[in-house]
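Asker: Listed in order, the protein sequences are those of chains L and P. Using my numbering, you'd call the opening residue of the first sequence number 1 and step up by one each time. Using my numbering, you'd call the opening residue of the second sequence number 1 and step up by one each time. The beta carbon of each residue, even a glycine, is placed where N, CA and C say it ideally should be.
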Amino acid sequence: MTTSQANNPLGPGYEGVAGSEMRFRDIFRDTLRAEMNRDDDVFLMGEDISGGFDKDTKEPLDAWGGPFAATKGLVQEFGVERIRDTPISEAGFVGAAVGSALTGMRPVVDLMYFDFVTVAFDQLLSNAAKSRYMFGGQTKVPLTLFARSGAGTGHAAQHSESFYSMLAHIPGLKVVVPSDPYSVKGLLAAAIRDDDPVFLVNDKKLINLTGFVPDEEYIIELGKGRYMRRGTDVTLVGMSYTSVVCQQAADQLAEIGIDAEVIDMMSLSPFDEDILIESVAKTNNVVIVDEDTPRASMASEFAAVIADKAFDHLDSPVKRVTSPHSPVPYSRDLEIEFMPQPADVVGTVKKLLGRE
Amino acid sequence: MDISKKKLEWIYTTMYRIRRFEETMLEQTLKGNSMGVAHTSDGQEAPPTGICAHLTDKDWIGSTHRGHGHCISKGLETDKMMAEVFGKATGQCGGKGGSMHISDFSKGMLGANGIVGASIPLAVGAALTAKLKGIENESVGVSFFGDGASSQGVLHESMNLASVWKLPVIFACENNGYAEATPSWYAVSAEDIASRAEGYGMPGVVVDGMDVFAVYDAAGEAIARARAGEGPTLIEMKTYRYHGHFHADDTSKYRKPEEEEYYKKLDSIKHFERTVTKQKLMTEKKLKSIRDAIEQEMLDAVEFALNSPMPDVSTVYDDVYVNYSNPIAGLR
Ligand SMILES: Cc1ncc(C[n+]2csc(CCOP(=O)(O)OP(=O)(O)O)c2C)c(N)n1
Ligand SMILES: [Mg+2]
Numbered sequence: 001m002t003t004s005q006a007n008n009p010l011g012p013g014y015e016g017v018a019g020s021e022m023r024f025r026d027i028f029r030d031t032l033r034a035e036m037n038r039d040d041d042v043f044l045m046g047e048d049i050s051g052g053f054d055k056d057t058k059e060p061l062d063a064w065g066g067p068f069a070a071t072k073g074l075v076q077e078f079g080v081e082r083i084r085d086t087p088i089s090e091a092g093f094v095g096a097a098v099g100s101a102l103t104g105m106r107p108v109v110d111l112m113y114f115d116f117v118t119v120a121f122d123q124l125l126s127n128a129a130k131s132r133y134m135f136g137g138q139t140k141v142p143l144t145l146f147a148r149s150g151a152g153t154g155h156a157a158q159h160s161e162s163f164y165s166m167l168a169h170i171p172g173l174k175v176v177v178p179s180d181p182y183s184v185k186g187l188l189a190a191a192i193r194d195d196d197p198v199f200l201v202n203d204k205k206l207i208n209l210t211g212f213v214p215d216e217e218y219i220i221e222l223g224k225g226r227y228m229r230r231g232t233d234v235t236l237v238g239m240s241y242t243s244v245v246c247q248q249a250a251d252q253l254a255e256i257g258i259d260a261e262v263i264d265m266m267s268l269s270p271f272d273e274d275i276l277i278e279s280v281a282k283t284n285n286v287v288i289v290d291e292d293t294p295r296a297s298m299a300s301e302f303a304a305v306i307a308d309k310a311f312d313h314l315d316s317p318v319k320r321v322t323s324p325h326s327p328v329p330y331s332r333d334l335e336i337e338f339m340p341q342p343a344d345v346v347g348t349v350k351k352l353l354g355r356e
Numbered sequence: 001m002d003i004s005k006k007k008l009e010w011i012y013t014t015m016y017r018i019r020r021f022e023e024t025m026l027e028q029t030l031k032g033n034s035m036g037v038a039h040t041s042d043g044q045e046a047p048p049t050g051i052c053a054h055l056t057d058k059d060w061i062g063s064t065h066r067g068h069g070h071c072i073s074k075g076l077e078t079d080k081m082m083a084e085v086f087g088k089a090t091g092q093c094g095g096k097g098g099s100m101h102i103s104d105f106s107k108g109m110l111g112a113n114g115i116v117g118a119s120i121p122l123a124v125g126a127a128l129t130a131k132l133k134g135i136e137n138e139s140v141g142v143s144f145f146g147d148g149a150s151s152q153g154v155l156h157e158s159m160n161l162a163s164v165w166k167l168p169v170i171f172a173c174e175n176n177g178y179a180e181a182t183p184s185w186y187a188v189s190a191e192d193i194a195s196r197a198e199g200y201g202m203p204g205v206v207v208d209g210m211d212v213f214a215v216y217d218a219a220g221e222a223i224a225r226a227r228a229g230e231g232p233t234l235i236e237m238k239t240y241r242y243h244g245h246f247h248a249d250d251t252s253k254y255r256k257p258e259e260e261e262y263y264k265k266l267d268s269i270k271h272f273e274r275t276v277t278k279q280k281l282m283t284e285k286k287l288k289s290i291r292d293a294i295e296q297e298m299l300d301a302v303e304f305a306l307n308s309p310m311p312d313v314s315t316v317y318d319d320v321y322v323n324y325s326n327p328i329a330g331l332r
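1. Closest to Ile290(P) by CA distance: which of Pro232(P), Ile269(P) and Leu122(P) is it?
2. Does the beta-carbon of Tyr242(P), which I'm using as the reference point, lie nearer than 7 Å to any heavy atom of ligand 2?
3. Output the distance between the C-alpha atoms of Thr31(L) and Val177(L), rounded to the nearest integer angstrom.
4. Using the Cα positions of Thr182(P) and Trp64(L), report the straight-line distance between them to the nearest angstrom.
5. Listing by chain order, which chain L residues have their CB less than 8 Å from the CB of His101(P)?
6. Can you list the beta strand (DSSP E) stretches of 3 or more residues lying completely in the segment 115 to 192 of chain P, in chain order?
7. Sorted by chain position, which residues of the same chain lie with C-beta nearer than 8 Å to Ala296(L)'s C-beta, five sequence neighbours on each side aside?
8. Given that Gly43(P) touches chain L, what residues does it touch there, using C-beta distances under 7 Å?
9. Can you check DSSP and say which residues form a bridge with Ser20(L)?
10. Can you tell which of Ala303(L), Val289(L), Thr210(L) and Ala156(L) has its C-alpha closest to the C-alpha of Val316(P)?
11. What does the shell around ligand 2 hold, if a residue joins when its beta-carbon is under 6 Å from any heavy atom?
12. For Leu111(L), which of helix, strand or coil comes out of DSSP?
13. Starting from Asp300(P), trace the alpha helix (DSSP H) in both directions and tell me its first and last residue.
14. Between the segment 78 to 109 of chain L and chain P, which residues of the former have a C-beta closer than 7 Å to a C-beta of the latter?
15. Pairs of beta-carbons, one from the segment 88 to 105 of chain P and one from the segment 55 to 70 of chain L, closer than 8 Å: are there three or more?
16. Taking only three categories from DSSP, how would you classify Tyr182(L)?
17. Using a 10 Å radius around the Cβ and a threshold of 16 neighbouring Cβ atoms, would you call Pro294(L) buried or exposed?
18. Throw me the rounded Cβ distance for the Asp344(L) and Val313(P) pair, which I believe falls under 8 Å.
19. Would you kindly report the start and end of the unbroken beta strand (DSSP E) that includes Glu261(L)?
20. Looking only at its chain, what residues have a beta carbon closer than 8 Å to the beta carbon of Asn208(L), apart from the 5 residues adjacent to it on each side?
21. Can you tell me which residues form a DSSP beta bridge with Met45(L)?
22. Which whole-angstrom value is the C-beta distance of Leu8(P) and Val276(P), which I expect to be below 8 Å?
23. Leaving out five residues on either side along the sequence, give the residues of the same chain with a beta carbon under 6 Å from the beta carbon of Ile258(L).
24. Can the beta-carbon of Ser267(L) be found closer than 8 Å to that of Leu222(L)?
25. So what does Phe199(L) bridge to, in DSSP terms?
26. Which of helix, strand or coil does DSSP assign to Ser240(L)?
27. Taking 7 Å as the cut-off, is the CB of Phe271(L) close to at least one heavy atom of ligand 1?
28. On the CB-based measure, 16 or more other CB atoms within 10 Å of its CB, does Val286(L) come out buried or exposed?
29. Please name the residues in the segment 47 to 66 of chain L whose beta-carbon is closer than 8 Å to at least one beta-carbon of chain P, in chain order.
30. Using the rule of at least 16 other Cβ atoms within 10 Å of the residue's Cβ for burial, across every protein chain shown, is Pro257(P) buried or exposed?
31. Quick check on Gly358(L) - is its C-beta less than 8 Å from some C-beta in chain P?
32. Does the segment 34 to 43 of chain L come close enough to the segment 187 to 202 of chain L that 3 or more CB-CB pairs lie under 8 Å?
33. Using 8 Å for Cβ pairs, my map puts Gly229(P) next to Ala179(P). What's the rounded Cβ distance?
34. According to DSSP, simplified to helix, strand and coil, what is Ser165(L)?
35. Under DSSP, the beta strand (DSSP E) around Glu59(L) begins and ends at which residues?
36. Check each candidate in Tyr321(P), Asn175(P), Ser34(P) and Thr29(P) and name the one with the smallest Cα separation from Met210(P).
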């Protein structure tokens, strides 16, 4: 790792190093490529990650290049042994990835839409997350999984989930949620190099966004959050796409003279308790923004930690801005109503600070 | 031919309605009138039509992400389907479900399903209900699924379950040769998916899925067995989707033009027309009058969908539970 600490790589300010503006999807693929070049044991599995084969020559066509073209071009570089298209058998190939990880490889699995994780849930919960513990530390499961989450694209109830709290609930599994091109580069590399199973969840709304990415190789330590913006009046806590929502809300709050601090959690399990406490100790007010449904959610978990460990610093109740306790609706207006919007955050902050 | 004139007219109407619904829906989606993702089934009209020709509203079908043809074959109305795709309040699910979740429980349609393989056991469950209620003779379960879905464990569990319990189920595999861009020769280990049946102790038949008469005959036999309490059957219908996997998919990246042309020559609607006119079962005039009526129906469906109101945003919070009014309208 060669990150220049002087530039505070965990937050704004890293623009001081050499780098460029990149799309989230492009740096995601570049990072996969870099990790595959770095370690021959890394290989990729998933449905249509190259996509299509010529009937006569049996050569891969790379027609899809993965969902949202996430892995386009990799099959030409690494071949079909390391870029393995799978049948639609999530329980089977996630289980096979666990078995392969237990026996010396470092599989990376593309589960396409986050909702499909439930088809393979038993393998993730009972095998991937528990093997090390129940076998008394004899083994490890260096497995990485990724998938696309989130509402807002008209994919309806079965293709729009953000239930990362369900994964964070599992001891033995790590969960990370990048929110921009910078964080996906560092988190994906860290996930692949980590010796525990790590699930990386990419919100669909992030995939075509651009942002600054340093050229140098770096990883982001799992379990660490970062400040996206410093402020003194209220702490806005985001994760995945809601970190973008929080920054938009902070811009709007600034216009009415409210100085918001924005934290991007980046990791959900383990997560950064210290950054939450540190920020709340300064601002004394906090709003947590989560697109997951509210019951037993990350928002609730962060709220519990703040109530427990920063209680004396609070000037107001801990607030959560979340989706409703419902599946994701299809129709556009309903979907917009479902998702936490910057206006919801602004409204909550104004109420909290008595600025209505 | 052992099909009544009325049934022949129903078959033609249904196939042509599916074809034109898909083409119209795709056009509207590309115009931006749909709210999201849509999968078309034109080219694949014969399988749902030939099977549902034997069913009534008391029989149940499970469907897939590519479900419009299943819906139409089960008698759903195209105006409410179109409105659902447009995300309108008048849609079949009030705009909550969209293209991938159109359903009508009053017509024995258990819902299109976005999770590949997930609807297969639902049809088994419907058949279980029929068995428990002693009405197998009038209520069978048909599970539509693709070649891609045949790789899901849940199909294999469902087939075994249906077989050991001798349930009235038809496992209706629409093998269109591809799952997204992945060809079935790559992803399916058997030459014929129908051969899976043997391992689960049920008949497995391969049918030309571009020939609605062949589908009709095979389905008639399987459904008669099911109604007689003789258990499940797997029918594999080799068919072809004319358009992309979803509305924005470009098939030229993974299918050869020769292959696409080959299947267009086998077109199930043209095959039907040739057959019935040659055998003098229906006149070209009659066929045309059916087509004309469908063209008008499509214009009406689009107009209905366009002119319908959007759902009220308060409906987001409805129907999460039956008898519990959700207090958590988003913590805001
Ligand atoms: C569990 C699950 N895995 C993956 C997908 C993504 N997906 C949607 S349709 C599809 C291909 C399905 O192929 P097939 O069963 O042959 O049906 P077809 O699309 O050809 O009608 C895939 C992989 C999904 N919706 N659900
Ligand atoms: Mg298919």
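Answerer: From the atom records:
1. Ile269(P)
2. Set against 7 Å, the gap from the CB of Tyr242(P) to the closest heavy atom of ligand 2 is not smaller.
3. Between Thr31(L) and Val177(L), the C-alpha separation is close to 16 Å.
4. 9 Å
5. Ala156, Ala157, Gln158 and Tyr330
6. 141 to 146 and 169 to 175
7. Ser165 and His169
8. Correct list: empty, because the minimum Cβ distance to chain L is about 18 Å.
9. Ser20(L) pairs with Val213(L).
10. Ala156(L)
11. Gly146(P), Asp147(P), Gly148(P), Asn176(P), Tyr178(P) and Ala179(P)
12. strand
13. Glu284 to Asn307
14. Asp85, Pro87, Ile88, Ser89, Ala91 and Gly92
15. no
16. helix
17. buried
18. The pair is not a contact, with the Cβ atoms about 13 Å apart (cut-off 8 Å).
19. Ala260 to Asp264
20. Here the set comprises Arg23, Phe24 and Arg25.
21. Arg84(L) and Val109(L)
22. 6 Å
23. Asp233
24. yes
25. Leu145(L) and Val175(L)
26. Coil.
27. no
28. buried
29. Glu47, Asp48, Gly51, Gly52, Phe53, Lys55, Leu61, Ala63 and Trp64
30. Flag for Pro257(P) reads exposed.
31. In the structure as shown, chain L starts at 1 and stops at 356, and residue 358(L) therefore has no counterpart that could be examined.
32. yes
33. With a beta-carbon spacing of about 34 Å, Gly229(P) and Ala179(P) fall beyond the 8 Å limit used to define contacts.
34. When DSSP states are grouped into helix, strand and coil, Ser165(L) belongs to the helix group.
35. Neither: Glu59(L) is in no beta strand (DSSP E) and is coded neither H nor E.
36. Asn175(P)
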